[in-house]
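Residue numbers (our numbering), protein chains in the order written: chain A, 130 to 343; chain B, 130 to 343; chain C, 130 to 343; chain D, 130 to 343.
Take a look at the structure set out below.
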DNA sequence: AATGAATGAGAGTTCATTCAT
DNA sequence: AATGAATGAACTCTCATTCAT
């Protein structure tokens, strides 16, 4: 009675199809943007007829809603790790970078959602709450780091969290992410946070401009 | 007293019309995205027939090119001040914030261009060169600031410039810019750079987390 | 008893629709020329929406290709009889005349294709090969006729075939075909070929200018 | 007081412009057919503005009428030579061939007019009367040739004239005129008429199938 | 659960024509 | 006599959506 696979449970099979369609749409958006999202293409990629797509998703908007869900879950699942020990902030930054590097579509889709949220209140709400959760998570990390004495107590955890989220978000944009700027940006962010550990991808930079105590 | 308006110079009048169309398209993109850009709407907004729009811009693509030009000029003109004394980096950051605040459309359009550049090589080239110029300008500021003793000499001006550009860019995104996050982010950036002149919008908060020497 | 009409075989029904559209386009071209061919009209004539027409023929050009096929087949089917006994050249000439008389659209469409071939290499190729085949068929007839002693041996079968094809082709032109000139022309051609079997449509005019021996 | 040239007479200058426009349209039709005739292009080719074209020719149809006139005059002028001695029929055939060879546009335009006449009664009338005149001229030649003993008395001058005109007309069609078929056709026509003079373009063929004297 | 066929609404683009200057 | 600017009408083509099967 596994809920996945083409097995007994009919409603599971249905969910499979839906997932396949959502993933196809997700890829399409990553590649062509909302502008270039064609339901026919999505259906074709899954090997289905347009009409069948509309059986699963009555309207294009509902399919997009599915994509938003999928992207968010994809994002969150990787971004909100389990334990978060003391200085796992560094791990978090790397995780984001790795995620964007390994699944380049995600950046594109997030960017598209970002923009769409300016016009689509429904998406805006989802995005906002996701970012709020993210912000809170990062802020929590910062506070714990301060409590553990790994960061300067006078930092405004709200402001720093906002800045971190902003920098990480900018990395989804093509212009910033291109030409290896990503690594530059991330490295500098680590320096500012005093969590740069040298190797990463690159050279040992034991400077630590911001953490005089170090 | 240039011949703006329906006055003497005929070629100026033509340029006026073109500008009006470009601005209308610019607004449309800001409001509805590239996805929602309709030439008929643009023409109507200026009070012209579509055929007339095509008289000025043979193709939709050429109109978009006009918009790109306009947005870039809008962006650059405010971003590349003339003199740049020693600590004008702060002024620059504020200028960007003010520009995005006072002309909210600009953020939207830049975001759209940003995304489009992932698929449109022509736009990508323009965006890239603009960002490169921006990066160089900021880096130059940083280097001068270091030379004048206003910043720590060991900073990697390339990395810091990249981070600054990334943060400022992220401010064009709706999610980041909403809910007053912009100010948070900017304030923190200033702190990191050691150029913060106070909390909120302007009040003096001489903390200076990053520039211990100062 | 093939599944014509709205009966069993679904793919046959599809082919029916395609045929109906092609025939409608064929009629439109005959009536208004390529210049006046409007997809909307074609669809309307069959009782379909334009979008549906594009379902069957993705582009106007592909619809035209269908028309070319149809016209050619219409032409060939009647022009390349089965057996061709000795003096069937006469039959061939009459068949062409009858075809053009009974299906006046064909002349118009062929004329249009003729002209279009001056600008459209694709059509030019089709027309050329059709005419070549026709030329060869006629030449073959002539040679057999010579071999059987029904025509003078010294005739240049290539030249005569070219002339015959030219005359028959000219009969598709409105000016030539109008005012009963067709019959005049054909009668004279028969005389030159020595196969004339009578005046007007049928009256016996045993002159036979060309076949003195006969 | 020459009526041509850019001199004194204002109405002559006007006529010049008209002629230039007509000739430009004529060339355009030869190249692109009626289908591809664009008034803007015509005006541009003469170096005028569209609006100016409409000053000379209020409507596109009126411009076309001008082209018809021009083509007809071009055709007639060369086709109806002055003297016509006894066997000038041969000269006539050669003249037509040379005309079509030396001014290839004429064939195209005549073909277009030919087809258009199927839909445009006005053009049909002009074409018809031109062809009638041509037919009569050729018939006159034949009759004189018979009277002078250069042709067989029993020929039906009406039928032969019709056939000649048909063959010559077919030579305006691209498919017939291509691939050197023209010469074949013409040569054979000359043989049938008994006026082949051997060399022409090619080999001496003194056969003369049709001249009983042989 | 799946599909082929059909559609309405609308997109960008073209073109002959007009009008004020 | 000439033009730049403007327009209406029409064209081909696209796409999300629907419906009978």
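Using N, Cα and C, we set each Cβ at its ideal position, and we do this for glycine too.
query: Name the chain C residues that come within less than 7 Å of residue 164/D, Cβ to Cβ?; result: 163, 164
query: Quick check: the Cα distance between residue 155/D and residue 186/B, rounded to an integer number of angstroms?; result: 30 Å
query: How is residue 147/D classed by DSSP in three states: helix, strand or coil?; result: helix
query: Let me know if residue 264/D comes out buried or exposed under the rule of 16 or more other beta-carbons within 10 Å of its beta-carbon.; result: buried
query: Does residue 339/A have its Cβ less than 8 Å from a Cβ in chain B?; result: Low local confidence applies: a pLDDT of 39 at residue 339/A is under 50, so the model's placement there is unreliable, with the coordinate-based value given in what follows. Yes, residue 339/A lies at the interface with chain B (some Cβ there is under 8 Å from its Cβ).
query: Do you know how far the Cα of residue 196/B is from the Cα of residue 262/B?; result: 20 Å
query: Out of 312/A, 290/A, 202/A, point me to the one whose CA is closest to residue 314/B's CA.; result: 290/A
query: Using 10 angstroms around the beta-carbon of residue 202/D, count the other beta-carbons present and answer buried if the total reaches 16, otherwise exposed.; result: exposed
query: Please state if the CB of residue 309/B and the CB of residue 247/A are separated by a distance shorter than 8 Å.; result: no
query: Would you mind stating whether residue 298/C and residue 242/D have Cβ atoms separated by less than 8 Å?; result: no
query: Does the Cβ of residue 207/A lie closer than 7 Å to at least one heavy atom of the ligand SAH?; result: Among the components of this structure there are no ligands whatsoever, and the ligand SAH is therefore not found.
query: Using 8 Å as the threshold, is the stretch 218 to 238 of chain D in touch with the stretch 154 to 169 of chain D, meaning 3 or more CB pairs across them?; result: yes
query: Whole angstroms is fine: what's the gap from residue 150/B's alpha carbon to residue 173/D's?; result: 27 Å
query: How long is the line joining the alpha carbons of residue 259/D and residue 175/B, rounded to whole angstroms?; result: 54 Å
query: How far does the alpha helix (DSSP H) with residue 204/D in it extend, from its first residue to its last?; result: 189 to 208
query: In chain D, which residues lie less than 7 Å from residue 260/C when you measure between Cβ atoms?; result: 304
query: May I have the straight-line CA-CA distance separating residue 189/B from residue 168/B, to the nearest angstrom?; result: 7 Å
query: What does residue 256/C reach in chain D if we use C-beta pairs closer than 7 Å?; result: 304
query: Cβ closer than 8 Å: which chain B residues qualify as neighbours of residue 288/A?; result: 313, 314, 316, 317, 320
query: Residue 285/D lies in the alpha helix (DSSP H); which residues open and close that run?; result: Residue 285/D -> no alpha helix (DSSP H), and no H or E assigned at all.
query: Along chain C, which residues have their Cβ under 7 Å away from the Cβ of residue 248/D?; result: 161, 162
query: To the nearest angstrom, how far is the alpha carbon of residue 293/B from that of residue 268/B?; result: 10 Å
query: Determine the chain D residues that contact residue 88/C at a beta-carbon separation under 7 Å, and present them in chain order.; result: This structure gives no information on residue 88/C, because the portion of chain C shown stretches from 130 to 343.
query: What would DSSP say about residue 115/B, mapped onto helix, strand or coil?; result: Given that chain B is displayed from residue 130 to residue 343, the structure contains no residue 115/B and the question cannot be resolved.
query: Between residue 244/A and residue 307/B, what straight-line distance do the alpha-carbon atoms span, to the nearest angstrom?; result: 12 Å
query: Under the three-state reduction of DSSP, which class applies to residue 337/B: helix, strand or coil?; result: With a pLDDT of 35 at residue 337/B, under the threshold of 50, the predicted position of this residue should be treated as unreliable, though the coordinate-derived value follows. Coil at residue 337/B, not helix or strand.
query: Report the rounded CA-to-CA distance for residue 295/C versus residue 288/C, giving the unit in angstroms.; result: 10 Å
query: So, does the CB of residue 299/A fall closer than 8 Å to a CB anywhere in chain B?; result: yes
query: Excluding sequence positions up to five away, which residues of its chain have a Cβ less than 7 Å from the Cβ of residue 163/A?; result: 241, 245
query: Suppose the cutoff is 7 Å on Cβ atoms and the five residues either side in sequence are ignored; what does the same chain contact list for residue 207/A look like?; result: 224, 228
query: Under DSSP, the alpha helix (DSSP H) around residue 255/D begins and ends at which residues?; result: 250 to 276
query: Do we get a CB-CB distance below 8 Å when we pair residue 296/A with the residues of chain B?; result: yes
query: Taking just the CA atoms, how far does residue 152/C sit from residue 230/C?; result: 18 Å
query: So the alpha helix (DSSP H) residue 306/C belongs to, where does it begin and stop?; result: 303 to 306
query: Could you give the distance in angstroms between the alpha-carbon of residue 166/D and the alpha-carbon of residue 284/D?; result: 44 Å
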